[in-house]
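Please read the structure below before turning to the comments.
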Ligand SMILES: Nc1ncnc2c1ncn2[C@@H]1O[C@H](COP(=O)(O)OP(=O)(O)OP(=O)(O)O)[C@@H](O)[C@H]1O
Ligand SMILES: [Mg+2]
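Protein chains in written order, with the working numbering: chain Z, 30 to 290; chain L, -14 to 361.
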């Protein structure tokens, strides 16, 4: 493979022959994909191409119609309730719209997984939550705000702080930079790279943002027509002559993003 | 990949040994409470302190934070601290946590209000709710007048679908409950009346109590629980997802689309449901009378004709539109009071049901007093 990912690293997520239908609607069919430890994998594709759905299947949130998903060495279909819980504790998910708990303030939101899964004292939990807030660029004072009092960018950051509350080995990010202004989006890219450098999780992210792809992704997979259209580093995809890839990456925005790298 | 599970035996411990604190095990959030307990129990000697981190197998940001906090604590109390044998990857984490500049005292606390202040806030909230409700009634009135002046803007389709939801779908539960109520009254009353040889008056008992009081009341209570709550939940959820604001921005008054059709529909549906409840209750009583007191259906019905005057019937049914207006108004009002979160939707829905049932019963009592004064 290309870029920072490396073939000898163990596989963290392995998807094979995955098919997903909603009623008569086919989202994808016979999909194979593997995510290696320590890489940042980006899933791209047009709206409705099934990126979120694929992410949800990998994050144990949506059982596929057929096919195998194995995550952190566990084959999902064979997992018992208890084992599933154990796997879930090792992954963090940033949802497309944040999904912060509206009845909790930010500090309580970030502390929620700790409160649920550990027996730490309340003081320590609040302190750790503050550390996480600071890691994502929020101040401790922001911790007292409720989700409906946050701006879109702050909501994303708070949701990310919650996703990394338990120092997950595997982090799923659904459109981390959508809805952010260009500066905040840049800062968020930096943040992801920072977290990667310090906590070293494996990251699977969905993004429409070509700048994000250039800056953070080690490897990119392009979804479309219900299958994997292409896969490789951004450099490789930018050079590709495959018409589907060219259409996606060589629009005016794609070229502008590439030029700025 | 192995996990920390099942390895608690090689537990995380921090033990003082002379001036060296030996740290070992998993300094991860899952096991950190052991470290916390141990550290709380340590009595720090004076002089320099060495932290031997060589035995630490794993560390996450939580563990790094505990270490950082310990370092700051020791240094601020005048100890010289030496960090010994901390693995490089853990040192990176420690730096990361130190960079955040969070300090142990930095956790913000929401300001607690004093009792008196809370009481004051409650009182003002209650008052402004009351004023808000009155203003809301005024807005409904204004919107109603506007719509009557432009009948073309009346949303018939909305009214029809609300009518189906609030009326037709409630037939089953309203019918069943009033039928059972009729049976209960006939049974309880019949036992007493038979002792006086006045069995036949069971028809008066069931008929009058159902038609004048119980049918309107029980129907209103069912509808408050069933439809009033749905109104609050629907408008409240739309409020959370900014759908209400979206309507406003399109120049569609939420009043016209969300409130008036519900109000109209309920004002029509509740009297009809009440009549249905009247009939089912009386039927329940009739069945019970024939089984228990052996009163023939025809006799019972004849007696009903004498017992229930048109006035009584109208008094009962006439209360229903008032109840409907109360339920719909409170239901919608509480929906618009929702702010922010799903939790708020739940709280407001509960309040909507409690308040509308309370208001219905109070108004019913007021009606009773008024009617008896008027001699109806
Ligand atoms: N619960 C569901 N029931 C029915 N169809 C669904 C459901 N969830 C998703 N779909 C369909 O599956 C397809 C893929 O949806 P998905 O949300 O994965 O798209 P996406 O690639 O994430 O799009 P976007 O970039 O707009 O977020 C869409 O056509 C959508 O209509
Ligand atoms: Mg999506």
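Virtual Cβ for every residue (Gly too), placed ideally from N, Cα, C.
Asked                                                                                                                                                                             : Found
Count the other CB atoms, across all protein chains shown, that sit within 10 Å of the CB of residue 172 of chain Z; report buried if there are 16 or more and exposed otherwise. : buried
Exposed or buried, what is residue 235 of chain L when buried is set at 16 or more other beta-carbons lying within 10 Å of its beta-carbon?                                       : exposed
Give me the Cα-Cα distance between residue 142 of chain L and residue 247 of chain L, rounded to the nearest whole angstrom.                                                      : 11 Å
Would you call the segment 263 to 270 of chain L in contact with the segment 321 to 331 of chain L, where contact means no fewer than 3 C-beta pairs closer than 8 Å?             : no
Scan the segment 177 to 203 of chain L and note each continuous alpha helix (DSSP H) run of 4 residues or more that stays entirely inside, going in chain order.                  : 187 to 193
Under the three-state reduction of DSSP, which class applies to residue 113 of chain L: helix, strand or coil?                                                                    : helix
Comparing alpha-carbon positions, which option in L:103, L:4, L:44 and L:241 lies nearest residue 67 of chain L?                                                                  : L:4
Quick one: Cα of residue 61 of chain Z to Cα of residue 45 of chain Z, how far?                                                                                                   : 4 Å
Sort L:74, L:89 and L:71 by Cα distance to residue 58 of chain L and report the nearest one.                                                                                      : L:89
If you measure from the beta carbon of residue 85 of chain L to each beta carbon in chain Z, is any gap under 8 Å?                                                                : yes
Determine the DSSP secondary structure at residue 69 of chain Z, reduced to helix, strand or coil.                                                                                : strand
Can you name the residues of chain A whose CB is closer than 9 Å to the CB of residue 113 of chain L?                                                                             : Included in the structure are the protein chains Z and L, with no chain A among them.
Got a sec: does ligand 1 put a non-hydrogen atom nearer than 7 Å to the Cβ of residue 48 of chain Z?                                                                              : no
I want to know whether the segment 80 to 88 of chain Z touches the segment 233 to 251 of chain Z - three or more CB-CB distances under 8 Å.                                       : yes
If you pair each beta-carbon of the segment 184 to 194 of chain L with each one of the segment 270 to 281 of chain L, do three or more pairs fall below 8 Å?                      : yes
Just checking residue 122 of chain Z against ligand 2 - is the residue's beta carbon closer than 7 Å to any of the ligand's heavy atoms?                                          : no
I need the straight-line Cα distance from residue 148 of chain Z to residue 19 of chain L, nearest angstrom please.                                                               : 9 Å
In its own chain, which residues sit with a C-beta less than 7 Å from the C-beta of residue 306 of chain L, not counting the 5 before and 5 after it?                             : 252, 255 and 256
Quick check on the DSSP output: the alpha helix (DSSP H) that includes residue 154 of chain Z runs from which residue to which?                                                   : 151 to 164
Using only the heavy atoms of ligand 1, determine whether one of them is closer than 7 Å to the beta carbon of residue 51 of chain Z.                                             : yes
So, with DSSP's three-state summary, where would you put residue 109 of chain Z?                                                                                                  : coil
Answer with yes or no whether the minimum CB distance from residue 50 of chain L to chain Z is below 8 Å.                                                                         : yes
For residue 54 of chain Z, is the beta carbon positioned less than 7 Å from some heavy atom of ligand 2?                                                                          : no
The alpha helix (DSSP H) with residue 124 of chain Z in it runs from where to where?                                                                                              : It is not in any alpha helix (DSSP H) - residue 124 of chain Z carries neither H nor E in the DSSP assignment.
Using 7 Å as the cut-off, classify the Cβ of residue 109 of chain Z as near or not near the heavy atoms of ligand 1, replying yes or no.                                          : no
Report yes if the C-beta of residue 82 of chain Z is less than 7 Å from at least one heavy atom of ligand 1; otherwise report no.                                                 : yes
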